[in-house]
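The structure under discussion appears below in the form of C-alpha cells.
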Amino acid sequence: MSHILSALVFFPALAGILGFVVDKKSAKAYGIAVAAVEFLLSIWLWISFDGSNAGMQFTEYVPIIAQFGISYNLGVDGISLFIVIMATMITLLGIILLREDTPNMKNMIVSLLFLEMTMVGVFVSLDAIVFYLFWELSLVPMLYIIGAWGGPTRVYAAVKFFLYTFAGSLIMLVGLLAMAYLYNLEAGVWSFNILDWYKLQLTADQQFWLFLAFFAGFAIKVPMFPFHTWLPHAHGQAPTIGSVILAAVLLKMGTYGFVRFSLPILPDASVDFTPFIMVLSLIMVVYTAMVAFAQKDMKQVIAYSSVSHMGIIMIGVFAMNAEGLGGSIFLMLSHGIVSGALFMLVGVIYERRGTKLMSEFGGLAATMPIYATVFGVMLMASVGLPLTIGFVGEFLVLLGFYKVSVIGTIIAGSTIIIGSIYMLALFKKSFFGPVTNEKNFGLKDLDARELTALLPLVAIVVWLGVYPKPVLEPIDNSVKKLLVQMEEHAQFPSTKDAIIISKKEAE
Amino acid sequence: MESLVYVALFAPFVGSMFAGLFFGNAPRNAITGWVASTLLFVSFLASVALAVHVVHHGSVHVTMMDWISAGDLSIPFGFLVDEVSVTMMVVVTLVSTVVHIYSTGYMDHDKSYNRFFSYLSAFVFSMLILVMSDNFAGLFIGWEGVGVCSWLLVGFWYHKADRPFEENPSISPSWAANEAFIMNRVADLGMLVGIFLIYWNIGSLQYDVVFAAMPNLADGILVAIAIALFIGAMGKSAQFPLHTWLTDAMEGPTPVSALIHAATMVTAGVFLVIRANPLFSLEAVSGVSLFIAALGTFVAFYAASMALIARDIKRIVALSTLSQLGYMFAAAGLGAYWIALFHLAAHAFFKALLFLGAGNVMHAMDDELDIFKMGGLKKAMMGSYIYMGIASVALAGLPIFAGFYSKDAIIETAFNEGTYIIWGILVITAGMTAFYSFRQVFFSFHGEKRYEALGFHPHDMYKYVLVAMAPLAILAISFGWFMDDFKAFITKNLPAYEMSHHTHHWAWLLGLIVVIIAVAGIVIAYKKYAGKGANAWKRDEEFEASFIYKLLENQYYVPKFYDEFLVKPYTIASEKFWAIDKAVVDGSVDLIAKAFYKSGDVSRGMQNGNLSSYLNWMGAGALLLVVAAALATAIG
Amino acid sequence: MEIGIGHYLILAGLLFSIGFVGVLRRKNLLMLFFATEVMLNAVNVAFTAIGNYYGDLSGQMFAFFVIAVAASEVAVGLGLLIVLYKKYGSLDLETISSMKG
C-alpha cells in the first residue's frame, strides 16, 4: 500500500466529518473505533517500515503549486515513525478514558479526530508549507478543546495558548518563506521541499537569522524558558484529554521541529547557538523543577515537570552526537507516554473528587491501592529509574551532552535529584500519611475503563525500559544519517568538529 | 552453569511477582511468604552451587540480551559470576532467606503482608543485579533498583502521620523514605558522571574492557572517575555527609532494616570500591584511596560516638552499621580489598542477627524502641538474648567470633600501612563499639524490669523463627575460622594484600590491645547498666543536660543543618521562583497582550462618531505623512 | 508686474488652506461642503495654472473633470443633507454623531 501515509493523515479527518452524523449516544464508541483503526494503521506502518533504511520511506509526492515548488510531500523515517505511533496510541487511549457523561461528546470526538489528523500531518510532512498548514491547524481543535471543556478560566487559557504559539509560528513562517526565497536565489527554482533545503548552502549571517526565526516558532511550542508560561495555564484549564495530548504530542512538535529543520538546514548556526540553547535549557530544567516543587495543585506539578523534562530533550537535541540526539528522540516518546499517563492519572482523581489540590488528599495509597501503584510506576518512570522507559532517554541524553559540556551535564543531571524531590513530595502529600479528609474514604479504585487506558501505558513503560532496541535501533539509524548529512552540509571546520557521528572518527 | 546463574538471579524476581499477584486489598495470604522464602532458598542453593563451580572452574560470564545501544554505546544485560560477585551472592541470598523466613513470623499480623514480600523479594532481585552485572550500567540498574525497593520498604507503613523532629527525628516512614531516596540520588548523580567519564574515555562500560584500559588513561581522568564513583558509593553506603538517611531509614519494618540497611544494600558502596579495585589501586588515584580510608575511619568513629548515648534500639544498631561500614571503607581505601570483603560478609551475618534480635525485642515490647523502658528481658526471651549476645560479641570483636578476625585484620592493615592515626582511631572505635553494643544488650536484657511498670507483657518470637535465625548465629561465631580459605579463594580475583614481616611480628600485641580495649568497654557497660537493686542504672539528668550529650543526641546537629540550610532555602527559593514565574515571566507576556489591549482602548477614543474630529485626525495624519516625506527627502 | 505661475500657486495654496481649515474647524455640515468646494477649486486653479505654464491642455481638462465630479457630488451631498436635516432638525456635527467607538 503506497498511500499509507495519506491514509494515516486523512482517515481521521474524513471519519471526523462523518462523525457529525453519528448518533450522540454512540459517539464515543465511534471515536474508539476510528482511533483504533488509525492506531492499527500506524502499527502496520511500523511493521512494513524497513528498520535498516535510515532515509525517508513511504514517500508520496503530488505537486500542488508547481511554479512555487509547493507540493504534497510525505514520508517517515526512524525519527518521526514512533512519534506518529505514539500520537495515534495516545489519542486512542485518551478517547477510551473519556467519561461517558462528557458534555457534547460528539463534538469532542470530532475535535479529537481533527487534532489527530494535524498531529500525524505535522510529523510526516516533508514540505514546509504543508508542514506549516498542519502545524497551525493543530491549534484550532486544541483551542476548542480547552475553550469548550476546560476549567473556570478556560477562555483566557485557550486564547493565551492560541495567540502565544501563533505569534511564534508566524515568525517561523517568515523564516520558511525566506528559506524558499534563498533557495530560489541559489538554485533558480522555487522549492519548499525540506529535503532540498538540506542541500542548500547558506552564509553564517543568513543561518543566524533563519535560526532565530525557526527558534521563535519551535521554542514557544516546546516550550522553552522563558516562553513556557502558556503551558501551565493551558494544562491548568484543559480537560484531561486535552492535557494528555498537549503534553504527549503537541509539545513534541517543537522539539521535532528543531530536529527536522534547525539542525540539518542550519548546521553551523545550530552549533553556534548551542551555548545559548544550553543556558536556556538548563534554566528550564532546574528552574521549572523548583517551581514544580512549589505547586499546590497536582496537575500543575506535572505541567511544570513537563517543561523541566522538555529541557532535557532540548539539550539532547543539541548534543550533536548520536547518543544525545537519539536519546532525545527516545525521550520524546517516553516523556509523551509518561506525562500522558500522569495527566490521565490526575484526571482520574479529579473526576472522583472534583479537586486537584494535594492538600485535599493524603493517604490515597490506602484507599486506592491500584491507582497508587500505577501512579508509582509512572512516577518512577518520570524520575528516570532504570528498567523503565524514562531512564533510557535520559541516560543517553546526559551521556551525549557530556561531550558538549561537563558542567552543563552535571546541572542537567541534577534533574534526577530535583525531579525526584517534587515527584516524591507530590506522592507523599497525596498518597502517604493517614487519610485525613473524610471525602477520601471509600474512593473507588480504578475501574475497567481507566485500567484499559492506563495498563497499556504501564506495559510500554516497562517493555521499552527493559528492551528499547526495537524502537531505539531505527531511531539510531536515522539519527546517524542526519548527523552525517549535517556534517557534510556544514561549512565551517568548527561545526564539523562539533558534530560527532562516531567516536572512532572523532579520534 | 548458565542456567544456574539465571535461577539464582530470577528466583527472587518470580517470588516478588508471585507475591505481587496477591496485591492490593487482598487479605494476608501465608502462601506468599512461603513461596517467596522458598524461591530465595532456591536462589541461595544456586549461588552456593555457583560458588563451588567458581572454586573449581573459574568465573562464569553470560550475556542475556542487548539493553541499550545507540551511537557507539552498547550495553548488554550481562552477568559475571566470579569470586567477588559469588561471595556477595551467597551472602545476600543467605541473609535474605533468613530474613524472609523471619518476616513470615514478624509480619504475621500486618495487613499488607503480601505487599511486604513482593517488595522484599524485588529488593533481593535488584541487589543480585547490582552484584552480578558485568558492566557499570547494569550495576546502575541494580543500584537504583535497590534504592527504589528501599524507598518502598522504608515507607512501608506509609499511613503513619508526620511528627515534628523533636518527637521523632525521622518524622515519619514516608518522610524517611523520601529522604533516603533523594539523598541517594545526589550520590547517584556522581555515579552517573563517573559512568559518562568512563564511556567517553574508554568507549565501553564492560568491567573487563574498562579495567584493562585504565592504566593507559591520564592521571587527571582517573582521579575524576575515582572521585565520581566514590561519590556514588558514599550515598549507598551512607558515608558522611550523606549519612543521615540511614538512621532515619529505621522507620521501616525491622526485617527490612536487617536486610537492606545492615547486611546488603548499604554495603553496595563498599562492593563498588572492591569491584573497581583495579582503578582504586592505581598509583594515580592513591590520594583518593587514602581519602576513602580517612573518611571511613572518621565515619567509624563519628557513628560510634552517637551510638554511645542513643536510646532507640534500632538507631543504635543502625549507627553501629554506619560505623562498621567505615571500617570496611578504611580497609578498601588502604588497599586491603579482600579484608574489606571479608568484613562485609562477616558483618552481614552478625549485624543481620543483631537486627533480627532487636526486632524480636520490639515485637515483644509492642514496637517500643526506647531501651530506657526495657530491662531484664532475659527471662522472657532467652532465645533472643542468646542471639543478641552472640551478635554483640561478634560485633565487639572478641576472639573466636567472626568480628574478631575481620575487624582485627582491618586494624592491623592500618598499622601495616603506617597510617597510625587511622589505626589509633580504629582501635578506640573498637572499644566504643564493644561498649555501646553491650550497653544495648544490658539495657534490654539485664537489670531491673523497667517495662513492668509500663504494662508490657513481653514474649519471645515463634520457635521456627528462632530456629531460622540459627544459621546467622552459627556464621557469626564461626565465619572467622575460614579466613585463610576465604583469602585463598578470593585473592584469585582481588589483590592479595599481605601484612609485612614487621606487622606480622607484632600482630599478637595489636590483637591483644584491641581485645583489651573491647573487654574494657564491655566491663564498663556491665558495671553501668547491668546492675540490679541498689546498683541499678539511674538516669543522669546532669549528664543529659551537658553539651556533649546534646551534641550527640542531635546527631551533631547535621539533620538540623540540612533542614535549615538546604531544605528550607530550597523550599523558599521554589516559592520565590514560582512567584517570579507568575509575576515576571508570565507577567511580561501578559504585559505585551495588555499593551495591545490598552492601546486599542486608548485609540478607541478617536472613534467618537463626530465627522469633524475624524477630519481633524485625517488632517493630522496627512500632515504627518507630508512631514515624514519631507524629512525622508531631506535626509536622503 | 506680470502675474506668473508663482502667484497662481500661492492663490491656490491660500484657497486650499482656507478650505482645509474650514474642513477641520467648521461644525456645520453645509459649511463643510463649502469648505471642500473651496479646496477643490483651489486645486482647479492650480491645475489650470500649471497646465497653462507647461502649455499642456490636460491640466485644464482635469479641472473640468473636477468641476463635473464636484457638481455631481454636491448634488448627491445636498440631497443627503436635506434628508439628514429632516431627520435631525440640525446639521450640526455634534448633534448628529451617533457612532461611538
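Chains as they are written, first to last, in this note's numbering: chain A, 1 to 507; chain B, 508 to 1143; chain C, 1144 to 1244.
The C-beta atom is built at its ideal place from N, Cα and C for all residues, glycine as well.
- Message: At a CB distance below 7 Å, what residues from the region 228-246 of chain A approach chain B? Give them in sequence order.
- Response: Sequence-ordered contacts of the region 228-246 of chain A with chain B read T229 [C-beta pairs closer than 7 Å].
- Task: Check the DSSP bridge columns for Y61 (chain A) and list the partner residues they point to.
- Result: Numbered from 1 along the first sequence, position 61 holds the residue referred to as residue 61 (chain A). Bridge partners of Y61 (chain A): A:N73.
- Residues that F1163 (chain C) contacts on chain B, provided the C-beta gap is smaller than 8 Å: Within the third sequence, the letter at position 20 stands for residue 1163 (chain C). G1126, listed in chain order.
- Which chain C residues sit within Cβ distance under 8 Å of A1081 (chain B)? For the purposes of this step, residue 1081 (chain B) is taken as residue 574 along the second sequence, with counting starting at 1. It is worth fixing the name first, because residue 1081 (chain B) is Ser in this sequence and not Ala. By Cβ distance, chain C contributes nothing, its closest Cβ being about 46 Å from S1081 (chain B), past 8 Å.
- When the distance is taken between beta carbons, is V972 (chain B) closer than 7 Å to G540 (chain B)? Your numbering for residue 540 (chain B) matches position 33 in the second sequence. Your numbering for residue 972 (chain B) matches position 465 in the second sequence. Not closer than 7 Å, so no.
- Query: Pairing CB atoms from the region 1023-1034 of chain B with CB atoms from the region 805-825 of chain B, are three or more of them under 8 Å?
  - Reply: no
- Cβ-based neighbour list, T1191 (chain C), same chain, cut-off 7 Å, excluding 5 preceding and 5 following: For the purposes of this step, residue 1191 (chain C) is identified with residue 48 of the third sequence, where counting begins at 1. The residues are G1202, Q1203, A1206.
- Query: Secondary structure at H568 (chain B), three-state DSSP: helix, strand or coil?
  - Reply: Here residue 568 (chain B) is taken as the residue at index 61 of the second sequence, counted from 1. H568 (chain B): strand per DSSP, three-state reduction.
- Residue from A:L45, A:R99, A:Q485 with nearest C-alpha to N321 (chain A): Translated into positions along the first sequence, residue 321 (chain A) becomes position 321. Considering only alpha carbons, the answer is A:Q485.
- Query: What are the residues that DSSP puts in a beta bridge with S640 (chain B)?
  - Reply: Translated into positions along the second sequence, residue 640 (chain B) becomes position 133. In the DSSP output, where bridge partners are listed per residue, S640 (chain B) has B:F586.
- Which of the three DSSP states, helix, strand or coil, is assigned to Q207 (chain A)? For this step, residue 207 (chain A) is matched to residue 207 along the first sequence. Of the three classes helix, strand and coil, the one that applies to Q207 (chain A) here is helix, per DSSP.
- Message: Please state the DSSP three-state secondary structure of A577 (chain B).
- Response: On the second sequence, position 70 is the one that residue 577 (chain B) refers to. Note: A577 (chain B) maps to strand in three-state DSSP.
- Report the three-state DSSP secondary structure of S125 (chain A) (helix, strand or coil). Position 125 of the first sequence, counting from 1, holds the residue named residue 125 (chain A). Strand, per DSSP.
- Would you say P223 (chain A) faces chain B, with C-beta separation under 7 Å as the test? Residue numbering aside, residue 223 (chain A) sits at position 223 when the first sequence is read from its first letter. Taking Cβ atoms only, chain B never reaches closer than 7 Å to P223 (chain A), which makes this a no.
- Item | Neighbouring residues, chain B, relative to V124 (chain A) (Cβ below 9 Å) | Here residue 124 (chain A) refers to the residue found at position 124 of the first sequence. What V124 (chain A) touches in chain B: nothing, since even the nearest Cβ is about 23 Å away.
- If the cut is a Cβ gap below 8 Å, which residues of chain C does N1117 (chain B) touch? Locating residue 1117 (chain B) in the second sequence gives position 610, where the first residue counts as 1. Ordered by position in chain C, the residues that pass the 8 Å Cβ test against N1117 (chain B) are L1236, E1237, S1240.
- Chain-ordered neighbours of F432 (chain A) on chain B, where CB pairs are closer than 7 Å: Numbered from its first residue, the first sequence carries residue 432 (chain A) at position 432. Result: G662, Y665, S681.
- Under the rule that 16 or more other beta-carbon atoms within 10 Å means buried, what is Y609 (chain B), buried or exposed? On the second sequence, position 102 is the one that residue 609 (chain B) refers to. Buried, because 16 or more other Cβ atoms sit within 10 Å of the Cβ of Y609 (chain B).
- Starting from V301 (chain A) and walking both ways along the alpha helix (DSSP H), at which residues does that stretch end? Taking the first sequence and counting its residues from 1, one reaches residue 301 (chain A) at position 301. Counting along the chain, the alpha helix (DSSP H) containing V301 (chain A) begins and ends at 298-317.
- Leaving out five residues before and five after M298 (chain A) in sequence, what residues of the same chain have Cβ atoms less than 6 Å from its Cβ? By 1-based counting over the first sequence, the position of residue 298 (chain A) is 298. Closer than 6 Å at the Cβ level, and outside the excluded window around M298 (chain A), lie V346, K356, M358.
- Message: Extract the residue ranges of the beta strand (DSSP E) inside the region 774-856 of chain B, only unbroken runs of 3 or more that lie entirely within it.
- Response: none
- Consider the Cβ of G326 (chain A): report whether some Cβ of chain E lies at a distance smaller than 7 Å. Among the protein chains of the structure shown, namely A, B and C, there is no chain E.
- Item | Proximal chain B residues relative to L1167 (chain C), where beta-carbon distance stays under 7 Å | Taking the first residue of the third sequence as 1, we reach residue 1167 (chain C) at position 24. Those within 7 Å of L1167 (chain C) in chain B are L1122, N1123, G1126.
- Task: Would you mind listing the alpha helix (DSSP H) stretches within the region 861-933 of chain B that are 4+ residues and don't spill past its ends, in chain order?
- Result: 889-903, 909-923
- Task: List the residues of chain B whose Cβ lies closer than 7 Å to the Cβ of K403 (chain A), in chain order.
- Result: On the first sequence, position 403 is the one that residue 403 (chain A) refers to. Going along chain B in sequence order, the residues near K403 (chain A) (Cβ under 7 Å) are W707.
- Query: Looking at the C-beta of P386 (chain A), does it have a partner C-beta in chain B at a distance below 7 Å?
  - Reply: Residue numbering aside, residue 386 (chain A) sits at position 386 when the first sequence is read from its first letter. By this cut-off, P386 (chain A) is an interface position.
- Message: Taking the alpha-carbon of L250 (chain A) as reference, which of A:V76, A:L263, A:F261, A:H235 has the nearest alpha-carbon?
- Response: The sequence position of residue 250 (chain A) within the first sequence is 250, counting from 1. If we check each option's Cα against that of L250 (chain A), A:H235 comes out closest.
- Item | Cα-Cα separation between W190 (chain A) and G69 (chain A), rounded to whole angstroms | Position 190 of the first sequence, counted from the first residue, corresponds to residue 190 (chain A). Position 69 of the first sequence, counted from the first residue, corresponds to residue 69 (chain A). Cα-Cα distance, rounded: 5 Å.
- Item | N1171 (chain C) in three-state terms, based on DSSP | As a first step, residue 1171 (chain C) must be located in the third sequence, where it is residue number 28. Residue state, collapsed to three classes: strand.
- Item | Under 8 Å by beta carbon: chain B residues contacting I410 (chain A) | Here residue 410 (chain A) corresponds to residue number 410 of the first sequence, with the count starting at 1. Within 8 Å Cβ-Cβ: L696, V700.
- Query: Looking at P519 (chain B) and S628 (chain B), is the spacing between their C-beta atoms short of 7 Å?
  - Reply: Within the second sequence, residue 628 (chain B) is the residue found at index 121, counting from 1. Within the second sequence, residue 519 (chain B) is the residue found at index 12, counting from 1. Yes; because the gap between Cβ atoms is below 7 Å, this pair is in contact.
- Evaluate contact between the region 321-330 of chain A and the region 574-590 of chain B, counting only Cβ atoms and requiring at least three cross-stretch pairs below 8 Å. Between the region 321-330 of chain A and the region 574-590 of chain B there are three or more C-beta pairs closer than 8 Å, enough to call the two in contact.
- Task: Give every residue of the same chain whose Cβ lies closer than 6 Å to the Cβ of N1000 (chain B), excluding the five residues on either side of it in the sequence, and list them in chain order.
- Result: On the second sequence, residue 1000 (chain B) is found 493 positions in, with the first residue counted as 1. Once the five neighbours on either side are set aside, the close Cβ partners of N1000 (chain B) are D589, E590, V591.
- Using a C-beta to C-beta distance shorter than 7 Å, which residues of chain B count as neighbours of S414 (chain A)? Counting from 1 along the first sequence, the entry for residue 414 (chain A) is found at position 414. Here the neighbours are L696.
- Mapping DSSP to helix, strand and coil, what is L749 (chain B)? The residue you call residue 749 (chain B) lines up with position 242 of the second sequence. If DSSP states are grouped into helix, strand and coil, L749 (chain B) belongs with coil.
- Task: Could you tell me if W845 (chain B) is buried or exposed, where buried requires 16 or more neighbouring beta carbons within 10 angstroms of its beta carbon?
- Result: Along the second sequence, one-based indexing puts residue 845 (chain B) at 338. Flag for W845 (chain B) reads buried.
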